[in-house]
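Okay, so here's the structure we're looking at.
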Amino acid sequence: MRRAGLWIGVVLVAVVILAALVSLVWTPYDPLQIQPAQTLQPASWRHLLGTDGFGIDILSRLLVGARTTVYVGVVAVSLAALGGVPLGVLAGMRGGWVSEIVLRVSDILYAFPALLLAILLAAAVGASTGTAMVAIGIASIPAFARVARAATLIVMTQDYILAARASGTSRWIVSVRHVLPNIAAVLGVQASVSFGIAILAEAALSYLGLATPPPTPTWGRMLHDAQTYIFTSPIQALWPGLAIALSVLGLNLLGDGLRDHLDPRLREAA
Amino acid sequence: MNLGRTVAVRLLVFAASLFVASIAIFLVVNALPGDVATAILGFGADPASIAELRARLGLDRPLLVRYFSWVGGMISGDMGRSYLTNESVTALVAPRIGVTAWLVVISMLIAPLVALPLGMLAAMKRRTWQGAAASTVSQIGLSIPAFYAGILLVIVFAVGLHWLPANGYTDLVDASGRWRPVAFLQHLVLPVTSLVIVQASVLTRYVRSAFVEVLSEDYFRTARAVGWTRWRALWRHGVRNAAISVVTVIGLQLATLLVGAIVVEQVFRLPGLGTALLSAVANRDLIVVQGIVMVLVFAVLVINLLTDLSYLLIDPRLRGRDAR
Numbered sequence: 008m009r010r011a012g013l014w015i016g017v018v019l020v021a022v023v024i025l026a027a028l029v030s031l032v033w034t035p036y037d038p039l040q041i042q043p044a045q046t047l048q049p050a051s052w053r054h055l056l057g058t059d060g061f062g063i064d065i066l067s068r069l070l071v072g073a074r075t076t077v078y079v080g081v082v083a084v085s086l087a088a089l090g091g092v093p094l095g096v097l098a099g100m101r102g103g104w105v106s107e108i109v110l111r112v113s114d115i116l117y118a119f120p121a122l123l124l125a126i127l128l129a130a131a132v133g134a135s136t137g138t139a140m141v142a143i144g145i146a147s148i149p150a151f152a153r154v155a156r157a158a159t160l161i162v163m164t165q166d167y168i169l170a171a172r173a174s175g176t177s178r179w180i181v182s183v184r185h186v187l188p189n190i191a192a193v194l195g196v197q198a199s200v201s202f203g204i205a206i207l208a209e210a211a212l213s214y215l216g217l218a219t220p221p222p223t224p225t226w227g228r229m230l231h232d233a234q235t236y237i238f239t240s241p242i243q244a245l246w247p248g249l250a251i252a253l254s255v256l257g258l259n260l261l262g263d264g265l266r267d268h269l270d271p272r273l274r275e276a277a
Numbered sequence: 004m005n006l007g008r009t010v011a012v013r014l015l016v017f018a019a020s021l022f023v024a025s026i027a028i029f030l031v032v033n034a035l036p037g038d039v040a041t042a043i044l045g046f047g048a049d050p051a052s053i054a055e056l057r058a059r060l061g062l063d064r065p066l067l068v069r070y071f072s073w074v075g076g077m078i079s080g081d082m083g084r085s086y087l088t089n090e091s092v093t094a095l096v097a098p099r100i101g102v103t104a105w106l107v108v109i110s111m112l113i114a115p116l117v118a119l120p121l122g123m124l125a126a127m128k129r130r131t132w133q134g135a136a137a138s139t140v141s142q143i144g145l146s147i148p149a150f151y152a153g154i155l156l157v158i159v160f161a162v163g164l165h166w167l168p169a170n171g172y173t174d175l176v177d178a179s180g181r182w183r184p185v186a187f188l189q190h191l192v193l194p195v196t197s198l199v200i201v202q203a204s205v206l207t208r209y210v211r212s213a214f215v216e217v218l219s220e221d222y223f224r225t226a227r228a229v230g231w232t233r234w235r236a237l238w239r240h241g242v243r244n245a246a247i248s249v250v251t252v253i254g255l256q257l258a259t260l261l262v263g264a265i266v267v268e269q270v271f272r273l274p275g276l277g278t279a280l281l282s283a284v285a286n287r288d289l290i291v292v293q294g295i296v297m298v299l300v301f302a303v304l305v306i307n308l309l310t311d312l313s314y315l316l317i318d319p320r321l322r323g324r325d326a327r
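Top line first, the protein sequences correspond to chains A and B. The first sequence lines up with residues 8 to 277 when you count with our numbering. The second sequence lines up with residues 4 to 327 when you count with our numbering.
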């Protein structure tokens, strides 16, 4: 049962990444070219998912949207990991006031969800893919810091750390050579979960017009545009939302599956 | 350490967080490149009128002076005046808080009512199809953005069945003082449901793991051994012990709920804080943006504080300790 979850997750995530890659070289139709004669076509062999209010093939826009989603997700999660992991490892290794400061700062960051950060940035410098990625990335730092700290605390109780420290290895070397490799798996699980959260955040931001500006297709903006035609052509709104939900589902299942795989004792509780 | 000291420490941390947050908001909005006066007048405006506008809005003062005059005003309830309309920001924000608050509070009350039974079922029957079904439902709910849930609900219940309005808002008491409870609820059913779907799904997962943990505890086995039924033992011992982690999650989730409400307001065109905030962003009305963001962050921090303090009520063991 749980195994099945992991594999469904792997397949869903693979499909999204594949869609993003395929869109780089091929889409059924031009995802930007407005076709006034083709607006709001139902699904057919020519347009598998129909066309939108601009007459653009929805499948083509979904494929290109996957690219934006993956791009924003990867950059945001990398930013979060680069910011959060060193802080968490530092807090876990040093403890005391260092740990206290890291925890307090991440508490304050928790009060700034990605949406509020993105709104502040959009108000100050204008909304763009960049502000969305930075906002989502910063908002995800506390999660990485906390997970890294908790995992580091466990690793620090191990004998090999004691042995390394006793033989005179510096803290810096210990953290890179011994701590990081041993917490990498846990961080991988966190990355998967954070990626899912990033996709949800990006979708919300682009739905609100606070991320990648038009004409670049994003799933959130497609939903926003589809809402205009909700009374005449409601089916349009189905596809971009389904793409978002299935990507997030895939990443969550992948994260859960990896966690169970790492720690069989957690299988019951998770 | 006694209870009084624990509470005092929490309050101090709250005040410090509020202070740091206000600085962060102010700096992001005011210190990043981009000049308000230029944005209002357009890039073609002559330097003299830009300087004149900057002086009128008080933007020519040093950053530190502007920060303290903003914070000082906020403390006394004066959030400044809109750069564009010269309207009082407090007057703009105050009536909208109610809309967002209704949305958040009602969703927060309903979500546990759905999640508790579902999560307990998922824990108790975790080896059968019922448990698996409950877990699957919450996994799917977790993957759907609240605004997509909202759009789907509109398609089914407003466009398809014509049961409920697709968007809009009616005050509980209208301008002439008449009570309008039915219209009020009709407009809130779909927005609240879209938020509850997401909240209840998150909560169900935590309820489930909290109860799975309880099921393996010695006190639970003892209760079973003396002849209590599973449900009775779970109810008498499980709920209080599981409550701590569930309350934490409800607390942490309130921030997410608040953000979700901002987005859902747009789906249903509700005149709440989110709508005011987004139109201020579109107009680059920075004083309104920083005011509303501060109000929202304040709300999140208060919620965090209350969550922290509520542990003390639920778990007497924590009363003497400061550490989390």
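Just so you know, even glycine gets a beta-carbon here, dropped at the ideal spot from N, CA and C. Everything numeric in this text was worked out from a predicted model, so none of it was measured.
- Contact annotation: in the stretch 233-245 of chain A, residues whose CB is within less than 7 Å of a CB in chain B are Q234, I237, F238, P241, A244.
- Judged by their CB atoms, A:I251 and B:Y151 are nearer to each other than the 8 Å cut-off.
- Under the Cβ criterion (8 Å, minimum of three pairs), the stretch 191-205 of chain A counts as touching the stretch 75-90 of chain A.
- Excluding residues up to 5 positions away in sequence, V23, I24, A27 lie with their Cβ nearer than 7 Å to the Cβ of A:V77 in the same chain.
- Straight-line measurement puts the Cα of A:T235 at about 11 Å from the Cα of A:R228.
- Minimum Cα-Cα distance from A:A218 among the listed residues A:L256, A:L97, A:G80 corresponds to A:G80.
- Straight across, the Cα-Cα distance linking A:H185 with A:V154 is about 17 Å.
- Here B:N307 is buried: its Cβ has 16 or more other Cβ atoms, across all protein chains shown, within 10 Å.
- A:A118 reaches chain B at S20, A24, A258, V300, V303, L304, N307, counting residues in chain order whose Cβ is nearer than 8 Å.
- Residue pairing by DSSP places B:W182 opposite B:V176 in a beta bridge.
- Comparing C-alpha distances from A:I143 to each of A:V18, A:P35, A:F202 shows the shortest one belongs to A:F202.
- Under the DSSP definition of a beta bridge, B:R84 partners with B:S91.
- Taking the Cα positions, B:T93 is about 52 Å away from A:N189.
- Look at the stretch 60-82 of chain B: it has no residue with a C-beta under 8 Å from a C-beta of chain A.
- Here the alpha carbons of B:A97 and A:G91 stand approximately 37 Å from one another.
- In this model, B:L257 and B:L299 are separated by some 11 Å (Cα to Cα).
- If you compare the alpha carbons of A:P149, A:V71, A:L97, A:A118 with that of A:P222, the shortest gap goes to A:V71.
- Between the alpha carbons of B:S52 and A:P247 lies a gap of roughly 46 Å.
- If you compare the alpha carbons of A:I242, A:I237, A:Y117, A:A121 with that of B:V270, the shortest gap goes to A:I237.
- B:V303 has its alpha-carbon roughly 41 Å from the corresponding atom of B:R227.
- The three-state reading of DSSP puts A:D114 in helix, counting H, G and I together.
- Taking C-beta atoms as the reference points, B:M123 and B:L237 count as a pair closer than 8 Å.
- In this structure B:S141 does not touch B:S212 by the C-beta definition: roughly 11 Å separates them, more than the 8 Å allowed.
- In this structure, DSSP gives A:T219 a state outside helix and strand, which the three-state scheme calls coil.
- Sixteen is the threshold: when 16 or more other Cβ atoms of the shown chains lie within 10 Å of the Cβ of A:L94, as they do, the residue is buried.
- Proximity of the stretch 185-204 of chain B to the stretch 109-122 of chain B meets the contact definition, three or more beta-carbon pairs being nearer than 8 Å.
- A:D64 is bridged by DSSP to A:T58.
- For B:A264 and B:V39, the gap between their C-alpha atoms comes out near 28 Å.
- Spatial neighbours of B:N244 in its own chain (CB-CB distance under 6 Å, excluding positions within 5 residues in sequence) are listed in chain order as V217.
- DSSP, reduced to helix, strand and coil, places A:A191 within a helical segment of the structure shown.
- Boundaries of the alpha helix (DSSP H) harbouring A:H268: 245-269, taken from the DSSP string.
- With a threshold of 8 Å between beta carbons, B:R8 makes no contact with chain A.
- Within 7 Å of the CB of B:S146, the CB atoms of chain A belong to A252, V255, L256, N259, in sequence order along the chain.
- Take the alpha-carbon of A:A118 and the one of B:V229: they are about 46 Å apart.
- In the DSSP assignment, B:D49 falls outside any alpha helix (DSSP H), carrying neither H nor E.
- For the pair B:G153 and B:L188, the CB atoms are not nearer than the 8 Å cut-off.
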